[in-house]
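For reference, the structure discussed in these notes is given below.
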């Protein structure tokens with residue numbers, strides 16, 4: 001209904017709008033750090049609050065890699081065991097996982113070295129939701145990704161999660177792994193001006209031909225969302241729904257306030 005009222009051709013605040021993604025300063029910095037890690041190889045972490053854009057920056061980075069030179073293995077963490085984790089990585093490398101953990105360890109390292117040395121392909125492991133990983137997994141990762149007594153990095157490993165992931169890595173038992181991390185970056189929220197640019201960019205990509213959010217509305221969105229993209233999307237979508245219901249051609253701060261109440265903010 002709101003698309004017809006505001007003469008939009010698409011959904012401006014849908015998470016499916018990846019092709020028209022707004023490039024923030026934090027996104028640029030995160031991508032630059034990932035590109036550094038790509039060249040140097042080794043371990044890195046991308047942190048951020050829910051909806052900060054971690055998944056998108058990782059997806060953009062992985063899709064930019066030359067498939068003839070890199071093999072991406074994405075592993076979203078679940079409540080499985082450490083052995084399940086081993087099996088998932090081995091399967092991602094294109095092999096049928098063995099049964100015993102010790103055999104999986106050997107199979108993993110042999111396959112990584114084979115890809116890197118024989119085929120000149122660097123495996124890129126993206127481990128998501130690592131803030132909920134069991135402590136034993138961090139300990140095992142320090143061993144699993146240790147090649148030639150830590151003298152060789154035939155891989156890129158990116159751990160992603162909430163900021164609490166760094167706290168998990170700071171404890172004494174995970175220091176050996178923590179000390180090997182070359183790159184760390186925490187996704188930042190959009191600045192106030194970026195929020196305005198983000199909203200207007202998304203509306204323009206959805207076919208907006210005139211102003212829909214007034215200046216006071218944009219300031220209210222920036223304040224209430226604190227710059228987090230997912231919150232901006234939910235809030236602005238509700239603004240469009242509420243605004244169209246009330247026949248408001250230009251959304252003002254009052255509509256934003258009411259939309260925020262409806263979304264539980």
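Numbering (full-length UniProt numbering), first residue to last: 1 to 265.
Note that CB positions come from ideal geometry on N, CA and C, so glycine has one too.
Exercise. Going by C-alpha distance, which of 190, 189 and 139 is nearest residue 273?
Worked result: This structure leaves residue 273 out entirely; the chain is present only between 1 and 265.
For this session: Report the option in 254, 226 and 227 whose CA atom is closest to the CA atom of residue 238.
Result: Translated into positions along the chain shown, residue 238 becomes position 238. That would be 254, whose Cα lies nearest to the Cα of residue 238.
For this session: Entirely within the segment 93-161 and at least 4 residues each: give me those alpha helix (DSSP H) ranges in chain order.
Result: 101-113 and 135-144
Exercise. At a Cβ threshold of 7 angstroms, is residue 186 touching chain B?
Worked result: Protein chains in the displayed structure number just one, and chain B is not present.
For this session: Alpha carbon to alpha carbon, how far is residue 35 from residue 27? Give it in angstroms, no decimals.
Result: Here residue 27 refers to the residue found at position 27 of the chain shown. Here residue 35 refers to the residue found at position 35 of the chain shown. So the alpha carbons of these two residues sit roughly 12 angstroms apart.
Exercise. With DSSP run on the structure shown, which of helix, strand or coil describes residue 76?
Worked result: For this step, residue 76 is matched to residue 76 along the chain shown. Three-state result, residue 76: strand.
For this session: Alpha carbon to alpha carbon, how far is residue 142 from residue 224? Give it in angstroms, no decimals.
Result: Counting from one through the chain shown, the residue named residue 224 turns up at place 224. Counting from one through the chain shown, the residue named residue 142 turns up at place 142. Distance between the alpha carbons of residue 224 and residue 142 is about 41 angstroms.
For this session: Under 6 angstroms Cβ to Cβ from residue 29, same chain only, skipping five residues before and after it: list those, please.
Result: Along the chain shown, read from residue 1 onward, the residue named residue 29 stands at position 29. Around residue 29: no qualifying Cβ.
Problem set entry | Assumed close pair residue 240, residue 263 - CB separation to whole angstroms, cut-off 8 angstroms | Working through the chain shown from its first residue, we reach residue 240 at position 240. Working through the chain shown from its first residue, we reach residue 263 at position 263. Not quite, the Cβ-Cβ distance comes to about 12 angstroms (not below 8 angstroms), so this is no contact.
Exercise. Nearest to residue 112 by CA position, among 124, 101, 189 and 103, is which residue?
Worked result: Start at 1 with the first residue of the chain shown, and residue 112 comes out as number 112. Among 124, 101, 189 and 103, the Cα nearest to that of residue 112 belongs to 124.
For this session: Quick one: grab the DSSP three-state call for residue 207.
Result: Within the chain shown, numbered from 1, the residue matching residue 207 stands at position 207. In this structure, residue 207 counts as coil in the three-state DSSP scheme.
Problem set entry | Straight-line gap, residue 71 to residue 120 (C-alpha atoms, nearest Å) | Taking the first residue of the chain shown as 1, we reach residue 71 at position 71. Taking the first residue of the chain shown as 1, we reach residue 120 at position 120. Each residue's Cα considered, the two are about 10 angstroms apart.
Exercise. Is any heavy atom of the ligand NAD found at a distance shorter than 6 angstroms from the C-beta of residue 216?
Worked result: No copy of the ligand NAD occurs in the structure displayed, which carries no ligand at all.
Exercise. In terms of residue numbering, what span does the alpha helix (DSSP H) encompassing residue 243 cover?
Worked result: Here residue 243 is taken as the residue at index 243 of the chain shown, counted from 1. 229-245 is the extent of the alpha helix (DSSP H) around residue 243.
For this session: Pick out whichever of 62, 12, 207 and 181 has its Cα sitting closest to the Cα of residue 232.
Result: Sequence index remark: in the chain shown, residue 232 carries index 232 (1-based). The residue with the shortest Cα to Cα distance from residue 232 is 12.
Exercise. Looking only at C-alpha atoms, which of 159, 227, 257 and 201 sits nearest to residue 271?
Worked result: No information on residue 271 is available, as it lies outside the stretch 1 to 265 that the chain covers here.
Problem set entry | Identified DSSP bridge partners for residue 184 | Working through the chain shown from its first residue, we reach residue 184 at position 184. In the DSSP output, where bridge partners are listed per residue, residue 184 has 45.
Problem set entry | Own chain partners of residue 108 with C-beta closer than 8 angstroms, once the 5 adjacent residues on each side are dropped | Walking along the chain shown from the start, residue 108 turns up at place 108. The residues are 86, 89, 90, 93 and 144.
Problem set entry | Check whether residue 251 and residue 208 have beta carbons under 7 angstroms apart | By 1-based counting over the chain shown, the position of residue 251 is 251. By 1-based counting over the chain shown, the position of residue 208 is 208. No, these two residues do not count as a Cβ contact at 7 angstroms.
Problem set entry | residue 255 - DSSP class collapsed to helix/strand/coil | Counting from one through the chain shown, the residue named residue 255 turns up at place 255. In the structure shown, residue 255 sits in a helix (DSSP, three-state: H, G or I).
For this session: From the DSSP output, read off the bridge partner residues of residue 213.
Result: For the purposes of this step, residue 213 is taken as residue 213 along the chain shown, with counting starting at 1. According to DSSP, residue 213 bridges with 251.
Problem set entry | Distance, residue 187 Cα to residue 228 Cα | As a position in the chain shown, residue 228 is number 228, starting the count at 1. As a position in the chain shown, residue 187 is number 187, starting the count at 1. Spanning the two alpha carbons is a distance of roughly 10 angstroms.
Exercise. Which two residues bound the contiguous alpha helix (DSSP H) that contains residue 57?
Worked result: In the chain shown, counting from the first residue as 1, residue 57 sits at position 57. Residues 54-63.
For this session: Provide the residue(s) that pair with residue 70 in DSSP beta bridges, ordered along the chain.
Result: Position 70 of the chain shown, counted from the start, is the residue given in the question as residue 70. In DSSP, residue 70 forms a bridge with 122.
For this session: Pull up the distance between the alpha-carbon of residue 196 and that of residue 222, whole angstroms please.
Result: Here residue 196 refers to the residue found at position 196 of the chain shown. Here residue 222 refers to the residue found at position 222 of the chain shown. Looking at the two C-alpha atoms, the distance is approximately 8 angstroms.
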